[in-house]
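Number of protein chains: 2
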Amino acid sequence: MRAIQELYPVDFAHCFGCGISNSSGHQLKSYAQDQEVIAHFTPSPQHMSVPGFVYGGLLASLVDCHAMATAAASEIQNNIAPRFVTAALRVDYLKPTPLGPVLEIRGHVTERSPKKAVVALTVTAEGIVTVRAEVVAVRIPKTMEILGG
Amino acid sequence: MRAIQELYPVDFAHCFGCGISNSSGHQLKSYAQDQEVIAHFTPSPQHMSVPGFVYGGLLASLVDCHAMATAAASEIQNNIAPRFVTAALRVDYLKPTPLGPVLEIRGHVTERSPKKAVVALTVTAEGIVTVRAEVVAVRIPKTMEILGG
Numbered sequence: 001m002r003a004i005q006e007l008y009p010v011d012f013a014h015c016f017g018c019g020i021s022n023s024s025g026h027q028l029k030s031y032a033q034d035q036e037v038i039a040h041f042t043p044s045p046q047h048m049s050v051p052g053f054v055y056g057g058l059l060a061s062l063v064d065c066h067a068m069a070t071a072a073a074s075e076i077q078n079n080i081a082p083r084f085v086t087a088a089l090r091v092d093y094l095k096p097t098p099l100g101p102v103l104e105i106r107g108h109v110t111e112r113s114p115k116k117a118v119v120a121l122t123v124t125a126e127g128i129v130t131v132r133a134e135v136v137a138v139r140i141p142k143t144m145e146i147l148g149g
Numbered sequence: 001m002r003a004i005q006e007l008y009p010v011d012f013a014h015c016f017g018c019g020i021s022n023s024s025g026h027q028l029k030s031y032a033q034d035q036e037v038i039a040h041f042t043p044s045p046q047h048m049s050v051p052g053f054v055y056g057g058l059l060a061s062l063v064d065c066h067a068m069a070t071a072a073a074s075e076i077q078n079n080i081a082p083r084f085v086t087a088a089l090r091v092d093y094l095k096p097t098p099l100g101p102v103l104e105i106r107g108h109v110t111e112r113s114p115k116k117a118v119v120a121l122t123v124t125a126e127g128i129v130t131v132r133a134e135v136v137a138v139r140i141p142k143t144m145e146i147l148g149g
């Protein structure tokens with residue numbers, strides 16, 4: 001199964017968080033599974049906040065990219081996933097996230113309109129939900145397509 | 001003038017976003033100025049979302065670390081800044097942020113209790129506010145000090 005990020009148009013595959021063409025980036029890969037979208041990611045040792053725990057900015061980044069993939073998942077046509085961008089990001093850090101274990105990120109759409117989707121997400125480490133998030137995704141505006149198109 | 005991040009205890013100076021000891025990280029530096037805390041940061045070319053624009057996850061990361069510094073700014077004693085961690089992050093992307101110009105991040109505390117501070121922030125590029133954020137910072141819990149202490 002191909003990741004949703006592998007189905008973005010090539011001009012929009014440079015994202016630092018999930019672009020398959022960004023060799024310096026995180027290259028998050030999200031997969032549709034039933035009504036959810038799921039990704040796994042193992043942070044690197046340098047991705048710490050304080051020793052032993054994952055940097056909150058990385059967690060926000062993972063949630064952000066995964067939400068765009070979740071918004072796109074049900075609108076894939078002809079093996080092309082539409083590119084969404086983030087309008088608003090809300091992340092609640094419920095517990096410190098341990099650095100070391102693989103993280104599981106899950107998302108599902110809670111609201112949908114033609115141009116917008118609201119996505120609810122969790123990050124889980126070793127079976128414990130450490131982060132809850134809600135992200136508003138909008139279809140990429142024409143003003144952002146000028147340089148990429 | 002020293003940056004607030006230069007005043008964190010050495011055990012807590014490894015943060016990917018702002019730790020002076022994290023050579024792989026962003027090393028954001030925030031400075032108190034009157035009632036505000038200000039940082040400047042120039043994203044690298046690879047920090048893109050789509051070509052021409054800054055990755056939202058990076059913007060969330062900058063806001064996150066800058067908020068912790070803003071929470072600490074008024075509580076520095078004997079050249080040591082207390083370490084806060086993020087409880088909640090809310091980021092509104094008002095406009096796409098152009099990739100290239102130096103960004104200015106400004107924060108100020110809007111609510112304060114002994115263990116908590118709420119920080120309001122903006123990110124500005126070329127004189128235009130592109131991001132507004134609100135971050136809840138809490139003093140680092142004892143459970144996160146075990147490995148760092």
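Just so you know, the sequences run in chain order A and B. Quick note: the first sequence uses this note's numbering, first residue 1, plus one each step. Quick note: the second sequence uses this note's numbering, first residue 1, plus one each step. For glycine and all other residues, C-beta sits at the position ideal for the given N, C-alpha and C. The model shown is predicted, which means the values in this text are computed figures rather than measured ones.
Practice task
Kindly say whether Ile150(B), judged by its beta-carbon, lies nearer than 9 angstroms to any beta-carbon of chain A.
Solution key: Since the first residue shown for chain B is 1 and the last is 149, residue 150(B) is missing from the structure and cannot be characterised.
Problem - Bridge partners - Phe53(B), DSSP secondary structure assignment - result: Pro98(B)
Exercise for the section: Could you tell me which residues DSSP pairs with Glu111(B) in its beta bridges? Expected result: Val118(B)
Problem - Spatial distance of Glu145(B) from Val50(A) (CA atoms) - result: 8 angstroms
Problem - Length-filtered (3 minimum) beta strand (DSSP E) runs lying within the region 16–88 of chain A - result: 30–33 and 36–41
Problem - Beta bridge counterpart(s) of Leu103(B) as assigned by DSSP - result: Phe41(B) and Ala125(B)
Problem - Inter-residue Cα distance where the pair is Cys18(B) and Gly25(B) - result: Spanning the two alpha carbons is a distance of roughly 7 angstroms.
Handout entry: Cβ shell of Met48(B) (< 8 angstroms), same chain only, five flanking positions each side left out
Key = Val54, Tyr55 and Leu99
Practice task
Please state whether DSSP places Glu145(B) in a helix, a strand or coil.
Solution key: Secondary structure at Glu145(B): coil, using DSSP grouped into helix, strand and coil.
Problem - Residue-chain proximity (Val46(B), chain A), Cβ-Cβ < 9 angstroms - result: Note that residue 46(B) is Gln in the sequence shown, not Val. It does; some Cβ of chain A falls within 9 angstroms.
Exercise for the section: Count the other CB atoms, across all protein chains shown, that sit within 10 Å of the CB of Met68(B); report buried if there are 16 or more and exposed otherwise. Expected result: buried
Handout entry: Straight-line gap, Cys15(A) to Ser61(B) (C-alpha atoms, nearest Å)
Key = Straight-line Cα distance between these residues: approximately 15 angstroms.
Problem - the region 30–56 of chain A: positions lying closer than 7 angstroms to chain B by Cβ - result: Gln46, His47, Met48, Ser49, Val50, Pro51, Gly52, Phe53, Tyr55 and Gly56
Practice task
Flag Ala117(A) as yes if its beta-carbon sits less than 9 angstroms from any beta-carbon of chain B, otherwise no.
Solution key: Chain B has no Cβ within less than 9 angstroms of the Cβ of Ala117(A).
Problem - Cutoff 9 angstroms: Val175(B) Cβ touching any chain A Cβ - result: Residue 175(B) lies beyond the residue range present for chain B, which begins at 1 and ends at 149; the question has no answer from this structure.
Practice task
Check each residue of the region 80–108 of chain B: if its Cβ is closer than 8 angstroms to any Cβ of chain A, include it; give the result in chain order.
Solution key: Per Cβ criterion, the list reads Arg83, Val85, Thr86, Ala87, Ala88, Leu89, Arg90, Val91, Asp92, Tyr93 and Pro96.
Practice task
Using a cut-off of 7 angstroms between C-beta atoms, extract the partners of Leu58(A) located in chain B.
Solution key: Phe16
Problem - Identified DSSP bridge partners for Asp92(A) - result: Arg132(A) and Ala88(B)
Handout entry: Beta-carbon gap between Glu104(B) and Ala32(B) smaller than 9 angstroms
Key = no
Exercise for the section: Please check if any C-beta of chain B sits within less than 9 angstroms of the C-beta of Gly127(A). Expected result: For Gly127(A), the closest Cβ of chain B is not nearer than 9 angstroms.
Handout entry: Own chain, CB closer than 7 angstroms to Glu6(B), minus 5 neighbours either side, in chain order
Key = Ile20
Problem - Nearest candidate by alpha-carbon position, reference Thr70(B), set Asn78(B), Gly57(B), Val118(B) and Ser44(B) - result: Val118(B)
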